[in-house]
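To convert, note that position 180 of the sequence shown is 210 in my numbering; the numbers rise steadily by one, no gaps.
Glycine residues also receive a C-beta, built at the ideal position from the N, C-alpha and C atoms.
Predicted model, so just to flag it, every value in this text is computed and none were measured.
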Amino acid sequence: MSDALHEKREINIYVPAGYTKDTATYDVWYAVDGEWDTRLFTNIFNYVVAMGFAPPSIIVRVPNRYVNGFNLRDRDLTPTRWKDVDSSGGADQFLDFFEKELMPYIRKHYWTNGESALIGSSLGGMFAIYTLLKRPTLFHFYITADPALFFDDNFVPCLAAKTINQIQYSNTVLNIGGRSGASYHYMVRDVMDSVLRKEAPASLHWHSALYDNETHGSSVFKSTYDGIKFAYLGYAARNAQVQPTGGIVVKDRPVRLFVPTDYADMHYTSDGKEPTTMDTKVDEFLIVSEPEKIKVRSFSPSGRYDHDLPVKLRTGDYLSPKKISSKKTVLKLLDSTFRPDGSGIMNGYVSIPKDGYYVLQLTPSEGTKIVFNDSLLLQADAAMGHARQTIILPLRKGNYQLRVEHPSKNASDPALNFGFFSSVDGQDDWWKNRMIRW
Numbered sequence: 031m032s033d034a035l036h037e038k039r040e041i042n043i044y045v046p047a048g049y050t051k052d053t054a055t056y057d058v059w060y061a062v063d064g065e066w067d068t069r070l071f072t073n074i075f076n077y078v079v080a081m082g083f084a085p086p087s088i089i090v091r092v093p094n095r096y097v098n099g100f101n102l103r104d105r106d107l108t109p110t111r112w113k114d115v116d117s118s119g120g121a122d123q124f125l126d127f128f129e130k131e132l133m134p135y136i137r138k139h140y141w142t143n144g145e146s147a148l149i150g151s152s153l154g155g156m157f158a159i160y161t162l163l164k165r166p167t168l169f170h171f172y173i174t175a176d177p178a179l180f181f182d183d184n185f186v187p188c189l190a191a192k193t194i195n196q197i198q199y200s201n202t203v204l205n206i207g208g209r210s211g212a213s214y215h216y217m218v219r220d221v222m223d224s225v226l227r228k229e230a231p232a233s234l235h236w237h238s239a240l241y242d243n244e245t246h247g248s249s250v251f252k253s254t255y256d257g258i259k260f261a262y263l264g265y266a267a268r269n270a271q272v273q274p275t276g277g278i279v280v281k282d283r284p285v286r287l288f289v290p291t292d293y294a295d296m297h298y299t300s301d302g303k304e305p306t307t308m309d310t311k312v313d314e315f316l317i318v319s320e321p322e323k324i325k326v327r328s329f330s331p332s333g334r335y336d337h338d339l340p341v342k343l344r345t346g347d348y349l350s351p352k353k354i355s356s357k358k359t360v361l362k363l364l365d366s367t368f369r370p371d372g373s374g375i376m377n378g379y380v381s382i383p384k385d386g387y388y389v390l391q392l393t394p395s396e397g398t399k400i401v402f403n404d405s406l407l408l409q410a411d412a413a414m415g416h417a418r419q420t421i422i423l424p425l426r427k428g429n430y431q432l433r434v435e436h437p438s439k440n441a442s443d444p445a446l447n448f449g450f451f452s453s454v455d456g457q458d459d460w461w462k463n464r465m466i467r468w
């Protein structure tokens, strides 16, 4: 029984797979019009999670209440009493229900992390934007689909024009999607976008999208999909690494770095200063000659996934071949011993046919080591887990000692996938030029 609404309300709660088996905490998404759009929302959300764009989350569906077959959404989702809608004007009471009853209940009974989000379409979309203006700390993410902003002579856009630039947000995220063409004007999206462009504070990160050839109902699909992805922009790149992950760059022979920028907002500087979103955007590859001066940072609208991508290469000179103590010394060619589980040792000399860049790449498990010319080149780092490691080295022509140790591995450990590659100039697709493989 809700004290705020003076009625019983049905609530449907979805928890992600594996929820009962762990003690992780989750974001909570609240979806109004729970008997309509939320099955669609849950399916889209699960797909976005499966694609790696968003973390698993709890979804709370809030269905509308019906009295004698009459849907009370016009009451709950509208902020004012409007002459054209008899039952309108109950949004503040509905927000009291969320803030004082529903959300505390969810926090008490479920593994939540304190981050909440609201999604709505049509009147529900207008309700979400009204919430953003009236109770700005209640939710962190807002997704709206074709919001009915024309309600009561554009009440919500007018409210935004008067108040939004005075509100202190905390990296709050708003995504507005909907139809293009005449509907953009009819739904008063054009007015809302204009207000946001002129008045939105920097702490509100908003995005507006228009969709061709959609209806009021069908635009919900794209708005939801794009909205979730925008809310979690940066999540997919949270563990991204600059490749190669280490090595040496000869100053007059620049190398190409690969930066995984798929659905990420990454920027860099080449003067050692900390990057901002105003600096040059990374476009997958960077050509560098002084890696110590390169700074790369991934940004997210919410700020949750902002992080630096360390460039761990250094400027240096060519490495020289292994010195042989005696002319009678017989070089042991690279040989290996393997066990049925794939572990083993590779040891011996590798012959470098000409001066140039060469690349060692592997997916290490605990205990993995690479020794190159009697120097420890790589040792598995527990903090990096099984992330692929790539080291680029400038080598002079000659013979080099190489030892790769791969201990017995757990069943869950990945294959080593060790490779030794040659590069024409440090800027080519060197992974196509394999010299050694394990």
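1. How about residue 109 and residue 65: are their beta carbons less than 8 Å apart?
2. Any idea if residue 148 is buried or exposed, counting beta-carbon neighbours within 10 angstroms, 16 or more meaning buried?
3. Using CA atoms only, rank isn't needed, just tell me which of 258, 203, 345, 344 is closest to residue 232.
4. If we ignore side chains and look at the alpha-carbon of each, how far apart do residue 184 and residue 254 end up?
5. Based on DSSP bridge pairs, tell me the residues matched to residue 197.
6. Quick check: what's the CA-CA separation for residue 206 versus residue 176?
7. Which residue comes first and which comes last in the alpha helix (DSSP H) that contains residue 157?
8. Consider the C-beta atom of residue 288 and the heavy atoms of the ligand ADP; say whether any pair is separated by less than 7 Å.
9. Since residue 217 contacts residue 180 with CB under 8 Å, what's their CB separation in whole angstroms?
10. As a quick exercise: from 241, 424, 410, 229, pick the residue whose alpha carbon is nearest that of residue 285.
11. Mind checking who residue 420 pairs with in its DSSP beta bridge?
12. Could you compute how far the alpha carbon of residue 141 sits from the alpha carbon of residue 45?
13. DSSP has residue 304 in a bridge; who is on the other side?
14. Measure from the C-beta of residue 115 to each C-beta in chain D and report whether the shortest distance is under 8 Å.
15. Tell me which same chain residues have a C-beta within less than 6 Å of the C-beta of residue 367, skipping the five on either side of it?
16. Let's test the definition: count the other Cβ atoms within 10 Å of the Cβ of residue 31 and tell me whether it reaches 16, buried, or not, exposed.
17. Of the choices 197, 213, 229, 394, whose alpha-carbon is the least far from that of residue 486?
18. By the three-class DSSP mapping on this structure, what secondary structure does residue 377 have?
19. Per the contact definition of three or more C-beta pairs closer than 8 Å, is the region 104-118 in contact with the region 76-87?
20. What do you reckon, are the CB atoms on residue 312 and residue 279 nearer than 8 Å?
21. In the DSSP assignment, what residue or residues form a beta bridge with residue 436?
22. Is DSSP giving residue 237 helix, strand or coil here?
23. Can you give the Cα-Cα distance for residue 345 and residue 430, rounded to whole angstroms?
24. For residue 350, I'd like the list of residues in its chain whose CB is within less than 6 Å of its CB, leaving aside the five on either flank, ordered along the chain.
25. Check residue 320 in the structure and name its three-state DSSP category.
26. CB residue 450 to CB residue 460, shorter than 8 Å?
27. Between the region 187-202 and the region 248-267, are three or more C-beta pairs nearer than 8 Å?
28. From residue 125 to residue 315, what does the alpha carbon distance come to, in whole angstroms?
29. Is the beta carbon of residue 246 closer than 8 Å to that of residue 152?
30. Figure out for me which residue from 410, 127, 146 has the closest Cα to the Cα of residue 166.
31. Taking the C-alpha atoms as reference points, what is the distance between residue 359 and residue 404?
32. Below 8 Å CB to CB, which residues in the same chain sit around residue 190 once its five sequence neighbours on both sides are set aside?
33. Put residue 409 into one of helix, strand or coil per three-state DSSP.
34. Can you tell which of 136, 120, 240 has the C-alpha that lies nearest to the C-alpha of residue 174?
35. Tell me whether the region 260-271 and the region 322-342 touch, counting them as touching only if at least three CB pairs, one residue from each stretch, are closer than 8 Å.
36. Contact check, residue 91 vs residue 42 under 8 Å by CB: the rounded distance?
Checking against the coordinates, here is how it stands:
1. no
2. buried
3. 203
4. 23 Å
5. Answer is none; residue 197 lacks a bridge partner.
6. 7 Å
7. 153-164
8. Of ligands this structure carries none, so the ligand ADP is not represented either.
9. 6 Å
10. 424
11. 391
12. 10 Å
13. BP columns for residue 304 are empty, so no partner.
14. In the structure shown, chain D does not exist; there is a single protein chain.
15. 374, 375
16. exposed
17. Nothing in the structure corresponds to residue 486, since the chain is present only between 31 and 468.
18. strand
19. no
20. no
21. 374
22. strand
23. 21 Å
24. 426
25. coil
26. no
27. no
28. 47 Å
29. yes
30. 146
31. Bear in mind that the predicted position of residue 359 carries a pLDDT of just 47, short of 50, making it too unreliable to give a figure here.
32. 159, 163, 222, 225, 226, 229
33. strand
34. 240
35. yes
36. 4 Å
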